[in-house]
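A.B. asks: This is the structure I have questions about; it appears just below.
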Amino acid sequence: MSEALVFRRVRAIDPSHGFDAEVDVVVERGHVTRLGRGAAHDFAPSERIRVVEHAGAWMLPGFVDLHTHLREPGAEGKEDVASGLRAAAAGGFVDVCCMPNTRPVNDSLVVTEMLLAKARALGTVRLHPIGAITIGQKGEQLTEMADLRKAGAVAVSDDGRCVTNSQVMRRALEYASTFDLVVIQHAEDHALTEGAQMHEGAISTRLGLRGWPRVAEDVIVARDLLLAEYVRARYHIAHVSTAGSIRLLREAKSRGIAATAEVTPHHLLLTHAALLGYDTACKVNPPLREPEDVEAVRQALADGTIDCVATDHAPHGVLDKNVEFAEAAPGMIGLELCVPLLLGLVRDGVLPLARLVDALTAAPARIVGLPRPTLREGARADFVVIDPAAEWTIDPNRLLSKSRNTPFLGRTVEGRVEMTICEGRVVYEAGTRNTEGEAHR
Ligand SMILES: [Zn+2]
6 MSEALVFRRV RAIDPSHGFD AEVDVVVERG HVTRLGRGAA HDFAPSERIR
56 VVEHAGAWML PGFVDLHTHL REPGAEGKED VASGLRAAAA GGFVDVCCMP
106 NTRPVNDSLV VTEMLLAKAR ALGTVRLHPI GAITIGQKGE QLTEMADLRK
156 AGAVAVSDDG RCVTNSQVMR RALEYASTFD LVVIQHAEDH ALTEGAQMHE
206 GAISTRLGLR GWPRVAEDVI VARDLLLAEY VRARYHIAHV STAGSIRLLR
256 EAKSRGIAAT AEVTPHHLLL THAALLGYDT ACKVNPPLRE PEDVEAVRQA
306 LADGTIDCVA TDHAPHGVLD KNVEFAEAAP GMIGLELCVP LLLGLVRDGV
356 LPLARLVDAL TAAPARIVGL PRPTLREGAR ADFVVIDPAA EWTIDPNRLL
406 SKSRNTPFLG RTVEGRVEMT ICEGRVVYEA GTRNTEGEAH R
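Its first residue numbered 6, the sequence shown is counted upward by one per residue in this note's numbering.
Here it is as structure tokens:
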């Protein structure tokens, strides 16, 4: 490992302190030791000093994902801690929060500690387990949140299942708040979505597929916001997908309720029309919605009503996806494609770049109480270097995730993650697999 890593003339962008300037950046001992115009003038390349010059590159704080499925324990053929964190690093993420709907469910300190030990041994990006709200995600008995918190869990969620019982949800909000854990809800009234295959609308009727109506999300969001207000607890909506949820959230925020929300790249980019060819890669939960919902989530992300972007990275193998539509498992991978895809929205003027960066860094970090990655002298060196002009085609053979379930394969995108730095270490570098994180193993 070189003693100093030097970046010359990068455009460093950190909206958390209104910073956007062309600078040199010097990384030593895991920290940014110098940042400023000409700050690296006395650093020449040597055996101990690596100098990176990449004309036109951007440097952004490292990204934080609140919603990743690592599939370990229980389904390591789809993904595991190692492959998932490699994919995260390739996507520019330095903090990954993993959902507890594994087998067994992460409803105890044993699973939480196992995940953290595996991640630590890899020496790559940081993992933050999310514990279950209820034991076995059965929606009945609350987990020992004190233990989960002590073991390192940063939030609780029964993701994949909704906490539908109002009394259980009330108690969960109250109990979690005593440990300063945010409750993340998968908002779906299962009674309204039984057997559902896609969004309920004109296209589900045409295809003859059972629909998942928007209102199944809206009723849970409405109830939860009322509960969060009543018990004064923090509440976070996972993968928000409907115009109705946005309306409710906007109203709740205006009245000071401590509610936050995330949106996935696919809900920002695709509508239910993507299902017309019965493409199982587009089967997700909540389902892809209508143009007016896409418009609503875009606007809400741009104006901050939706706080952050989360990938809902949900790896599945061919056995789960190359099957009849009704049998296919919901979900798509997202870690490696999130930012390249969303930069398109910046270019199209839908989303200001500073808002996108905030939604990937400071905003999600704040929701789960992680130190926020930032670009300034003295800060931990957690950042990503992006070539905003690099055009590339999404090639299934080059993805680092174990799974390939995404409808974006073959699409040409503009903007590529060139390097990801976590605590001063190069954990990902485009075009090479010999990152220092791997070499150390
Ligand atoms: Zn979910």
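All C-beta atoms, glycine included, are put in the ideal place defined by N, C-alpha and C.
Could you work out which residue in Q304, A248, L231 is closest to R260 when comparing CA atoms only?
C.D. replies: If we check each option's Cα against that of R260, L231 comes out closest.
A.B. asks: Counting only the same chain and skipping the five closest in sequence on each side, list residues whose C-beta sits under 7 Å from that of P401.
C.D. replies: Cβ within range, chain order: R409, L414.
A.B. asks: With distances taken Cα to Cα, identify the nearest neighbour of D229 among T210, W217, R215, S250.
C.D. replies: The shortest Cα separation from D229 among T210, W217, R215, S250 belongs to S250.
A.B. asks: Cβ of H191 within 8 Å of any heavy atom in ligand 1?
C.D. replies: Yes - ligand 1 has a heavy atom lying nearer than 8 Å to the Cβ of H191.
A.B. asks: Taking T73 and G89 to be in contact with their CB atoms under 8 Å, please state how far apart those CB atoms are, rounded to whole angstroms.
C.D. replies: Contact flag correct, Cβ pair sits at about 6 Å.
A.B. asks: Verify whether the separation of the beta carbon atoms of I189 and I262 is less than 9 Å.
C.D. replies: No, they are not a contact pair.
A.B. asks: How about L275: is its C-beta nearer than 9 Å to some C-beta of chain D?
C.D. replies: Absent here is chain D; the protein component of the structure consists of one chain.
A.B. asks: To the nearest angstrom, report how far apart H36 and D70 are at their CA atoms.
C.D. replies: Cα to Cα, the separation comes out at about 22 Å.
A.B. asks: Taking only heavy atoms of ligand 1 into account, decide whether any of them is closer than 8 Å to the Cβ of A243.
C.D. replies: A243: yes, Cβ under 8 Å from ligand 1.
A.B. asks: Pick out whichever of K83, Q146, W63, L281 has its Cα sitting closest to the Cα of T169.
C.D. replies: Of the candidates K83, Q146, W63, L281, the one whose C-alpha sits nearest the C-alpha of T169 is Q146.
A.B. asks: Does the beta-carbon distance from L132 to K123 come in below 9 Å?
C.D. replies: Yes, the Cβ-Cβ distance between L132 and K123 is below 9 Å.
A.B. asks: In whole angstroms, what separates the C-alpha of T129 from that of R215?
C.D. replies: So the alpha carbons of these two residues sit roughly 42 Å apart.
A.B. asks: State the Cα-Cα distance for the pair T440 and G429, rounded to the nearest angstrom.
C.D. replies: Per-residue confidence for T440 stands at a pLDDT of 43, beneath the threshold of 50, marking its modelled position as unreliable; no derived number is given.
A.B. asks: State yes or no: is the C-beta of N290 nearer than 8 Å to some heavy atom of ligand 1?
C.D. replies: Yes.
A.B. asks: On the DSSP bridge list, what partners appear for M104?
C.D. replies: Answer by DSSP bridge pairing: none, since M104 is not bridged.
A.B. asks: Enumerate in chain order the residues of its own chain whose CB-to-CB distance from A276 is below 7 Å, with the five nearest sequence positions on each side excluded.
C.D. replies: The question names Ala, but residue 276 in the sequence shown is Thr. Cβ neighbours of T276 beyond the five flanking positions: L293, R294, E295, P296, V299.
A.B. asks: Return the chain-ordered list of same chain residues with a C-beta closer than 6 Å to the C-beta of I426, the five sequence neighbours on each side being excluded.
C.D. replies: Excluding positions up to five away in sequence, the list reads A386, F388.
A.B. asks: For L121, which residues in the same chain have their Cβ closer than 7 Å to its Cβ, ignoring the five residues on either side in sequence?
C.D. replies: Same-chain partners within the cutoff: L132, P134, G157.
A.B. asks: How would you call S162, buried or exposed, if buried means at least 16 neighbouring beta carbons within 10 angstroms?
C.D. replies: When all chains shown are included, S162 counts as buried.
A.B. asks: Pick helix, strand or coil for E33, following the three-state DSSP scheme.
C.D. replies: Note: E33 maps to strand in three-state DSSP.
A.B. asks: Going by C-alpha distance, which of A315, V314, P335, D317 is nearest L324?
C.D. replies: It is P335 whose Cα lies nearest to the Cα of L324.
A.B. asks: Going along the chain, which residues of its own chain have a beta-carbon closer than 6 Å to the beta-carbon of R446, five neighbours each way excluded?
C.D. replies: Unreliable placement is indicated for R446, whose pLDDT of 30 sits below 50; no coordinate value is reported for it.
A.B. asks: By alpha-carbon positions, which one of A62, S406, A301, F330 ends up nearest to G200?
C.D. replies: The option with the nearest alpha carbon to G200 is F330.
A.B. asks: Using three-state DSSP, classify E205 as helix, strand or coil.
C.D. replies: If DSSP states are grouped into helix, strand and coil, E205 belongs with coil.
A.B. asks: How would you write the range of the alpha helix (DSSP H) that M119 sits in, first residue to last?
C.D. replies: Taken as a continuous stretch (DSSP letters only), the alpha helix (DSSP H) holding M119 covers 114–127.
A.B. asks: Could you tell me if the beta carbon of D223 falls within a distance shorter than 8 Å of some heavy atom in ligand 1?
C.D. replies: The answer is no for D223.
A.B. asks: Does the count of Cβ pairs from the stretch 360–378 and the stretch 7–17 closer than 8 Å reach three?
C.D. replies: Short answer: they don't touch.
A.B. asks: To the nearest angstrom, report how far apart F24 and E332 are at their CA atoms.
C.D. replies: The alpha-carbon atoms of F24 and E332 are separated by roughly 49 Å.
A.B. asks: Rank R91, H318, V418, T310 by C-alpha distance to the C-alpha of A368 and give the top, closest one.
C.D. replies: Per the Cα distances, T310.
A.B. asks: Alpha carbon to alpha carbon, how far is T269 from R5? Give it in angstroms, no decimals.
C.D. replies: One cannot answer for residue 5 here, as it falls past the ends of the chain, which runs 6 to 446.
A.B. asks: Does DSSP put D312 in a helix, in a strand, or in coil?
C.D. replies: Looking at D312 - three-state DSSP - the assignment turns out to be coil, as it is neither helix nor strand.
A.B. asks: Tell me whether Q172 is buried or exposed, calling it buried when 16 or more other Cβ atoms sit within 10 Å of its Cβ.
C.D. replies: Exposed is the call here.
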